[in-house]
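Engineer:
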Amino acid sequence: MKQNNEFEDPVIDTLEKEKQDETTDTNVLPILPLKGTIVYPYLVVPLMIQDADQARLVDDALMRGSRIGLFLQKDAEKENPGPDDLYDVGCSGSILKMLRFPDGTVRFLIQGLERIRVKRFTESERFLMAEVEVLPEIIGSKVKAEALQRSIASAIKTLVGLAPYLNEEFHVSAINQDTPSKLTDFVASNLNIPIQRKQQLLAEPDLLKRMNRLYSALNKELEVLELSQKIQAKAATELGKSQRDYILREQLKAIKKELGDGDDSSDVDEFEEKIKQSHMPESVETVARKELDRLSHMNPSSAEYTVSRTYLDWLVSLPWSNATEDKLDLRKAKKILDEDHYNLVKVKDRILEYLAVRKLKADVKGPILCFVGPPGVGKTSLGKSIARAMGREFSRVSLGGMRDEAEIRGHRRTYIGAMPGRIIQSLKKCGTHNPVIMLDEIDKLGSDFRGDPASALLEVLDPEQNDSFSDHYLEVPFDLSRVMFITTANWMEPIPAVLRDRMEVIRIPGYTDLEKLAISERHLMPKQLENHGLNSTHLTIEESAIKTLIDSYTREAGLRNLEREIASLVRKVARRVATGYKQKITISAKDVPKLLGPQKYSREAVSRHARVGIVPGLAYTSVGGEMLFVEATSMRGKRALTLTGQLGDVMKESAQAAMSFVRSNAPSFNIDPEIFEELEVHIHVPAGATPKDGPSAGITMMVALASLFTGRAVKPCLAMTGEITLRGNLLPIGGLKEKLLAAYRAGIDTVLLPEENRKDTTELPREIKKSIKLKFFSDCLTAVDYALEKKPKSKNSKPTGKRTACRKTSPSKRTSKKRA
Ligand SMILES: Nc1ncnc2c1ncn2[C@@H]1O[C@H](COP(=O)(O)OP(=O)(O)OP(=O)(O)O)[C@@H](O)[C@H]1O
Ligand SMILES: [Mg+2]
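Under my numbering, the first residue of the sequence shown carries the number 216, and numbering increases by one thereafter.
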């Protein structure tokens, strides 16, 4: 049974039925099950039935002029419901009008009469019959009912304004209901609430309770309607705004077009195209597209637009898939490396090995090399040459003085003017994802409150994790594993151990005179001639002149000053050529002072005479190896040891150890132990203004003290280095090659070394091995004995004047910290 709203105006068959006034307490009625609708007392409801049995029930009732019972089905889906499928409270009703349609459908109007309850179902063949009783209404307090009636009326007034399914007529009918009971039933019948709640309202005989329930249902409905109206209003305004923006933007476009200005939408289209072309990984592309979507909704003149645009610009311009093809012809690569740099066999071999492996296995990870050596030995220029040999792009990132982590890893995009870090910048500049990136001067990294750039480098330089390097600005990972990283440093000490651990260290200790000569002739000279617009028809610099430059005008491990001096010679010639001088100029040794002024380094620092208490030591500094002198003297006074010359703690302690060793072994040195009681000893290490530290001057100080107390002079042209222990063992030192090169430059002909350093001498240049005698000792006593002349010097004896093999010497003029 369904409610049929079309049934407003019955046309065909009308049967007037008078409402029966007399009601009996118990009555047997035919029962019509209702689906989805409820009939309340006093209300007229149109209904429709299709079922033949039910149609007969209606016929029957009409004919007999009897009432029928109307009960809601518990489950609306159920066909032919039985007694258990119906609620037990319903409404009695009488049929007013009926229409029968040709297809068997019956439509009729029914008038609700009273609330009834089923007492029991009686036997019946075609339709349900039941004995029912009327539910008498419980009226309760009239005042309360009146109050509730008013509340319901006012709620209805508001509701009519909001609910689209209720109209003003409904409101009028509602306020015209003459009793609270009729009002309640009328409203319940028309309200859009669940059918179960309607049934509850029907089943409630207590009027006040019923009114209360209805009122709360009304309020709930009101709340829902108000909320949905709000949502609709909001959606409407949002739509309105975006439509308005769209229209304005379109107008702006049109205006700009008229004015001949650029079109902003081209930005979006352009990025769309660039994203496609950049072949970025899928995950990055998702990010880029999201950003592009954001951009397309922004006002192009806003600051935010610029930020978003710059970000996209970075994303699309990174070399996600661009790479240069490696030149894998080893012979050609070797030729290029040899063309640019003399010697440096180890480094060149390492590069060629990498290329060889790369040839056999395409996706090999880039190595991370670290070139360590004094200034001017060609670390930086070697990097460039490697890139050239491999056919890769090259970029240099100078780390010197860098203190801010963001320089490596970038600033977060929330910062104004944020940028990616230097690594990502380099990649963009190179335009390929497999360039050679040189991280120059990694030993000069700083750190402060802005973070520690070294820790950011850890990720960059770890082959295991740099395939997903994350820059704070980009926020998407970038694969650095194809990049060949080369770092450079002057010395290893300041590099954090964890960082050192990640790199393959290749030492470039410095050059001997012969090497310098060769490099000058093959590389520096031609380079300088070319830089000055000259060629070999204008100028030759004789070998003797270059030797003079190396000997007397420079004192360095590398080549920078030598190159500068050569440049100034060439410059002088260039000036003459420019003023019209036609003949070829040849510069020989004797011309050098005329052109460059007096020689800068004299030969007089390492004494050619055996002296007491003055010992040349060897130090290792950031500019390579250097000579370092230890002077010891004594005077009458309280037993004391004074140390001067800006010595660090380690160096002071090794001075004290040396002193204790000499005192405790006085008899072995033939020293009278008594003299220590009345002497004050002073050790000084010039240059006094340069801070010095490190344990390797131990043996030098011990020899100085032993020489002082025994009166035996130190052998001339002998230098030494080595750490000592209190027990008199001689321990190995670092930077051996650099130190030997310094000794070689200073003209020393014998160097005293710890036995354990013997293994480090295998790779020494032949030139050094030839000109310097190396003496190895493992205990201090024999070392000291060797270093000193056999006989004590008599007090007033003059210098022996013994000729020595010293080639040249000079006081150290460096100011960097020395490690002895
Ligand atoms: N073995 C070599 N063959 C040819 N030229 C060299 C060689 N070593 C160095 N040079 C030249 O010496 C100059 C200085 O080199 P470079 O600037 O690379 O030094 P560096 O080791 O990077 O020094 P620093 O530690 O001060 O940065 C360059 O012009 C370079 O070409
Ligand atoms: Mg450099």
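Built from N, CA and C at the ideal position, the CB exists for glycine as well.
1) Suppose you measure from the CA of residue 562 to the CA of residue 769; what does that come to, to the nearest Å?
2) Is the segment 905–916 close to the segment 879–893, with three or more CB pairs under 8 Å?
3) Suppose the cutoff is 8 Å on Cβ atoms and the five residues either side in sequence are ignored; what does the same chain contact list for residue 827 look like?
4) Would you list the one or two residues that DSSP bridges to residue 684?
5) Taking only heavy atoms of ligand 1 into account, decide whether any of them is closer than 7 Å to the Cβ of residue 616.
6) Once DSSP output is grouped into helix, strand and coil, what is the label at residue 1041?
7) In whole angstroms, what is the alpha-carbon distance linking residue 1012 and residue 598?
8) Counting along the chain, where does the beta strand (DSSP E) carrying residue 344 start and finish?
9) Report yes or no: do the segment 776–787 and the segment 739–755 share at least 3 C-beta pairs separated by less than 8 Å?
10) Restricting to Cα atoms, I'd like to know which of 885, 633, 913 is closest to residue 867.
11) Terminal residues of the continuous alpha helix (DSSP H) containing residue 424?
12) Does the Cβ of residue 709 lie closer than 7 Å to at least one heavy atom of ligand 1?
13) Below 7 Å CB to CB, which residues in the same chain sit around residue 582 once its five sequence neighbours on both sides are set aside?
14) Ligand 2 and residue 658: does the residue's C-beta get closer than 7 Å to at least one heavy atom of that ligand?
15) Cβ-heavy atom distance between residue 539 and ligand 2 below 7 Å?
16) Judging by CA-CA distance, which residue of 878, 333, 668, 590 is the nearest neighbour of residue 620?
17) Just checking residue 703 against ligand 2 - is the residue's beta carbon closer than 7 Å to any of the ligand's heavy atoms?
18) Out of 989, 946, 982, point me to the one whose CA is closest to residue 969's CA.
19) Quick check on DSSP: helix, strand or coil for residue 308?
20) Is residue 278 buried or exposed, if buried means 16 or more other CB atoms sit within 10 Å of its CB?
21) To which residues of the same chain is residue 1003 closer than 8 Å at the C-beta, ignoring the five residues directly before and after it?
22) Does the separation of the CB atoms of residue 510 and residue 433 fall below 8 Å?
23) Check whether the Cβ atoms of residue 721 and residue 585 sit closer than 8 Å, and answer yes or no.
24) Apart from the five residues just before and just after residue 316, which ones in its own chain have a Cβ nearer than 8 Å to its Cβ?
25) Hey, quick one: how far does the beta strand (DSSP E) through residue 969 stretch, first residue to last?
26) Run through the DSSP bridge pairs and tell me what residue 663 is partnered with.
27) Taking 7 Å as the cut-off, is the beta-carbon of residue 599 closer than that to any non-hydrogen atom of ligand 2?
28) If we ignore side chains and look at the alpha-carbon of each, how far apart do residue 953 and residue 673 end up?
29) Whole-angstrom Cβ separation of residue 202 and residue 839, contact assumed at under 8 Å?
30) Hey, which unbroken runs of the alpha helix (DSSP H) at 4 residues or more fall wholly within the segment 354–418?
31) Below 8 Å on the Cβ atoms is my guess for residue 727 versus residue 982; work out the distance and round it to an integer in Å.
32) To which residues does DSSP link residue 327 through a beta bridge?
33) Can you tell me where the beta strand (DSSP E) holding residue 835 begins and where it ends?
34) Are the beta-carbon atoms belonging to residue 1049 and residue 900 less than 8 Å from one another?
35) Which residue from 247, 864, 260 puts its Cα closest to that of residue 267?
36) Answer yes or no: the CB of residue 655 versus the heavy atoms of ligand 2, is any distance below 7 Å?
Structural biologist: In short, the structure shows the following:
1) 26 Å
2) no
3) 922, 923, 926, 927, 928, 929, 1008
4) 693
5) no
6) Here the chain has residues from 216 to 1035 only, and residue 1041 is not among them.
7) In this prediction, residue 1012 has a pLDDT of 44, which is less than 50 and means its spatial position is unreliable; what the coordinates show is noted afterwards. Approximately 57 Å between the Cα atoms of the pair.
8) 344–349
9) yes
10) 913
11) 422–474
12) no
13) 569, 699, 719
14) no
15) no
16) 668
17) yes
18) 946
19) strand
20) exposed
21) 918, 921, 922, 925, 927, 928, 929, 930
22) no
23) yes
24) 322
25) 965–969
26) 666
27) no
28) 29 Å
29) Because residue 202 is not part of the residues shown, which for the chain are 216 to 1035, the question remains open.
30) 357–377, 383–390, 395–405, 410–418
31) 5 Å
32) 308
33) 829–836
34) No answer is possible for residue 1049: it lies beyond the span of the chain, which begins at 216 and ends at 1035.
35) 247
36) yes
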